[in-house]
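Novice:
There are 2 protein chains.
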Amino acid sequence: MSRPARKKAARKSAAERSVEIADAACAVALEHGLYAVTLRGVAAQVDVAPALVAHYEPNMDALVANTFGTIVARELAEVGELVAERESPRTRLALLLETLLDGSRDDVTLIWVEAWALGRRNEALAERVRAEMDDWRTFLQAIIEAGIASGEFETDDAASVAWQVLGMIDGLNAHALVSWEDSGDRGTRIGHAVEGMLGLHRGVLAEP
Amino acid sequence: MSRPARKKAARKSAAERSVEIADAACAVALEHGLYAVTLRGVAAQVDVAPALVAHYEPNMDALVANTFGTIVARELAEVGELVAERESPRTRLALLLETLLDGSRDDVTLIWVEAWALGRRNEALAERVRAEMDDWRTFLQAIIEAGIASGEFETDDAASVAWQVLGMIDGLNAHALVSWEDSGDRGTRIGHAVEGMLGLHRGVLAEP
DNA sequence: TCTACTATTGATCACACGATCAATAAGTTG
DNA sequence: CAACTTATTGATCGTGTGATCAATAGTAGA
Numbered sequence: 000m001s002r003p004a005r006k007k008a009a010r011k012s013a014a015e016r017s018v019e020i021a022d023a024a025c026a027v028a029l030e031h032g033l034y035a036v037t038l039r040g041v042a043a044q045v046d047v048a049p050a051l052v053a054h055y056e057p058n059m060d061a062l063v064a065n066t067f068g069t070i071v072a073r074e075l076a077e078v079g080e081l082v083a084e085r086e087s088p089r090t091r092l093a094l095l096l097e098t099l100l101d102g103s104r105d106d107v108t109l110i111w112v113e114a115w116a117l118g119r120r121n122e123a124l125a126e127r128v129r130a131e132m133d134d135w136r137t138f139l140q141a142i143i144e145a146g147i148a149s150g151e152f153e154t155d156d157a158a159s160v161a162w163q164v165l166g167m168i169d170g171l172n173a174h175a176l177v178s179w180e181d182s183g184d185r186g187t188r189i190g191h192a193v194e195g196m197l198g199l200h201r202g203v204l205a206e207p
Numbered sequence: 000m001s002r003p004a005r006k007k008a009a010r011k012s013a014a015e016r017s018v019e020i021a022d023a024a025c026a027v028a029l030e031h032g033l034y035a036v037t038l039r040g041v042a043a044q045v046d047v048a049p050a051l052v053a054h055y056e057p058n059m060d061a062l063v064a065n066t067f068g069t070i071v072a073r074e075l076a077e078v079g080e081l082v083a084e085r086e087s088p089r090t091r092l093a094l095l096l097e098t099l100l101d102g103s104r105d106d107v108t109l110i111w112v113e114a115w116a117l118g119r120r121n122e123a124l125a126e127r128v129r130a131e132m133d134d135w136r137t138f139l140q141a142i143i144e145a146g147i148a149s150g151e152f153e154t155d156d157a158a159s160v161a162w163q164v165l166g167m168i169d170g171l172n173a174h175a176l177v178s179w180e181d182s183g184d185r186g187t188r189i190g191h192a193v194e195g196m197l198g199l200h201r202g203v204l205a206e207p
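Sequence lines, in order, name chains A and B. Under numbering that gives the first Met the number 0, read the first sequence as residues 0 to 207, first letter to last. Under numbering that gives the first Met the number 0, read the second sequence as residues 0 to 207, first letter to last.
1) Quick check on the burial criterion: 16 or more other C-beta atoms within 10 angstroms. Buried or exposed for P88/B?
2) Which of the three DSSP states is assigned to T137/B in this structure?
3) Three or more C-beta pairs under 8 Å: does that hold for the region 117-128 of chain B against the region 118-127 of chain A?
4) Which value, in whole angstroms, describes the spacing of the CA atoms of V71/A and M196/A?
5) Using the C-alpha atoms, what's the distance from E30/B back to G202/B?
6) With a CB to CB cut of under 7 Å and the five nearest residues on each side skipped, what residues in its chain are close to R91/A?
7) When the Cα atoms are used, what is the spatial distance from E144/B to L171/B?
8) Give a yes or no on whether 7 Å exceeds the smallest Cβ distance from Q44/A to chain B.
9) Could you tell me if D169/B is buried or exposed, where buried requires 16 or more neighbouring beta carbons within 10 angstroms of its beta carbon?
10) Beta-carbon separation of R188/B and Q163/A under 7 Å?
11) To be precise: take each residue of the region 159-172 of chain A, compare its Cβ to all Cβ atoms of chain B, and keep it if any distance is under 9 Å. Which residues remain?
12) Please confirm whether T98/A and L176/A have their CB atoms less than 7 Å apart.
13) Spatial neighbours of F67/B within its chain, please: CB distance less than 8 Å, with the 5 preceding and 5 following residues excluded, ordered by chain position.
14) Between which two residues does the alpha helix (DSSP H) containing D46/A stretch?
15) Give every residue of the same chain whose Cβ lies closer than 8 Å to the Cβ of A192/A, excluding the five residues on either side of it in the sequence, and list them in chain order.
16) CA-CA distance, R2/A and V45/A?
17) Helix, strand or coil, according to DSSP, for N65/A in the structure here?
18) Listing by chain order, which chain B residues have their CB less than 9 Å from the CB of V193/A?
19) For W115/B, would you say it is in contact with chain A, using Cβ-to-Cβ distances shorter than 7 Å as the test?
20) Quick check on M0/B - is its C-beta less than 7 Å from some C-beta in chain A?
21) According to DSSP, is A23/B helix, strand or coil?
22) As an exercise, report each continuous alpha helix (DSSP H) stretch of at least 4 residues that is fully enclosed by the region 110-156 of chain B, in chain order.
23) Cβ closer than 9 Å: which chain B residues qualify as neighbours of I143/A?
24) Does any CB atom of chain A fall closer than 7 Å to the CB of G186/B?
25) Within the same chain, show all residues whose beta-carbon is closer than 8 Å to that of L208/B, passing over the 5 residues directly before and after it, in chain order.
26) From what residue to what residue does the alpha helix (DSSP H) around P57/B run?
27) Please compile the residues from chain A whose C-beta is within a distance smaller than 9 Å of the C-beta of I189/B.
28) Helix, strand or coil, according to DSSP, for V193/B in the structure here?
29) For V36/A, name the three-state secondary structure that DSSP assigns.
30) At a Cβ threshold of 7 Å, is R92/A touching chain B?
31) Look up L199/A in the DSSP assignment and say whether it is helix, strand or coil.
32) Give the range of the alpha helix (DSSP H) segment to which E97/B is assigned.
33) So R136/A packs on A161/A, CB below 8 Å; how close in whole Å?
34) Measuring alpha carbon to alpha carbon, tell me which residue in E194/B, R185/B and R39/B is nearest E151/B.
35) Can you name, in chain order, every residue of its own chain whose Cβ lies under 6 Å from the Cβ of E153/A, other than the five neighbours on each side?
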């Protein structure tokens, strides 16, 4: 599978190699987690000398932080695009919960969990984590406020509700990361929880 | 603060030293996280040679797993004792949410988050994590089932609700671990979420 | 074609990790 | 007091980490 003996790396432009390394870091992170994003790990992914990775990155903390940010921002963009197709805030929220809790993004969940832990040693990462969490909160808050404006939702603090819904999602996904056995039915009852926070009648969120 | 030069360690019985090392591992974990539970880290805490820690533990994976288990089981015992004072399942549940979300146990939250991440490399830890999560679920499930029996709660799957409530709690706490700014109001609206899952009227959970 | 530039590398350093082992010294027992 | 047991240690090994630097080789421009 792997090539234990690497002969030579094709010479590429700095810009090209730079994005190649960033992409490789993302690939390594999604495959083996943020902890595997090391000088040697990324270098092996690109099939290049470890020193080259160090040459293109100021330090590994920065690469890890940027890798986290890239992966998470991409996820937000994807989910945002997906959800935008729905008409009402209610159906958008329902689709958001469904797609984030169906287990199809467990690799990104691992990234989140590791980032929370790693953020205590990597200040650049911690800052990035806070920024991305805020982007997610803003995104969800907009949906909720639209629902308030249309009279579908009822709450006096959309920001706080958005914050808590995201916490619930991440917590459920993190749990599923470890004990995969009960992971099948996550997302079924969270609808009721969100309905409770938004003053909706029971089961409304699941209706088409 | 620290003693850079250690002269000699008082000779103690094997049993005594063994618990001393286990306690030190817990102290290190609560102070600096599970990642700081290393041969040298624990040895420094006990003020003893690193080799002695290795002498008393089969390997570090086991010590980390046991340290996690000890801390989390102790937390469950404490919370269980606290909550048992309340009369009804509803007030027990309300107190449970309050005490787990008031930020007084952030050190344990860090342990949980790190355990989820570390569990992918440490199989003994992963097993312990699943066991402790199951203990928590069983504990909360008993409260919910008592509420169903008394007619206060309404749900057709207490185990699943217990699972999801714990997920919500852990997720909110994990978020607070990173962006402490908004951590003040966590726990205020989660009541509404739980009310939604248990068929309660809005605000009932917060009533005395 | 010759030269200047620069992408790439091998070698190496300092550090922290887990782990092992022979040697030592503090108790304990006879 | 001697012999034995064992808690404790220093030294050491192998591995993995981030980081630096002089040397090399491929490329583009004069």
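Heads up, the beta-carbon is just placed ideally off N, CA and C, and yes, glycines get one too. Please read all numbers here as calculations on a predicted model, not as lab measurements.
Specialist: From the atom records:
1) buried
2) helix
3) no
4) 26 Å
5) 37 Å
6) V82, R85 and I142
7) 24 Å
8) no
9) buried
10) yes
11) S159, V160, W162, Q163, V164, L165, G166, M167, I168, D169, G170, L171 and N172
12) no
13) A28, L33, I110, A114, L124, R127, V128 and E131
14) Here D46/A belongs to no alpha helix (DSSP H), and DSSP marks it neither H nor E.
15) M167
16) At R2/A, the pLDDT of 40 sits below 50, so the modelled position is not reliable; the number obtained from the coordinates is stated separately. Those two C-alpha atoms are separated by around 11 Å.
17) helix
18) A192 and G195
19) yes
20) At M0/B the pLDDT is 42, less than 50, meaning the model places this residue with poor confidence; the figure from the coordinates comes in the next sentence. Answer no: the Cβ-Cβ gap between M0/B and chain A never drops below 7 Å.
21) helix
22) 122-148
23) Within chain B, no residue comes near I143/A; the closest Cβ sits about 12 Å away, beyond 9 Å.
24) no
25) No information on residue 208/B is available, as it lies outside the stretch 0 to 207 that chain B covers here.
26) Careful: P57/B lies outside any alpha helix (DSSP H) and carries neither H nor E.
27) Q163, G166, M167, A192 and M196
28) helix
29) coil
30) A small fix is needed here, since residue 92/A is Leu in this sequence, not Arg. No, no contact with chain B.
31) coil
32) P88 to L99
33) 5 Å
34) E194/B
35) G198
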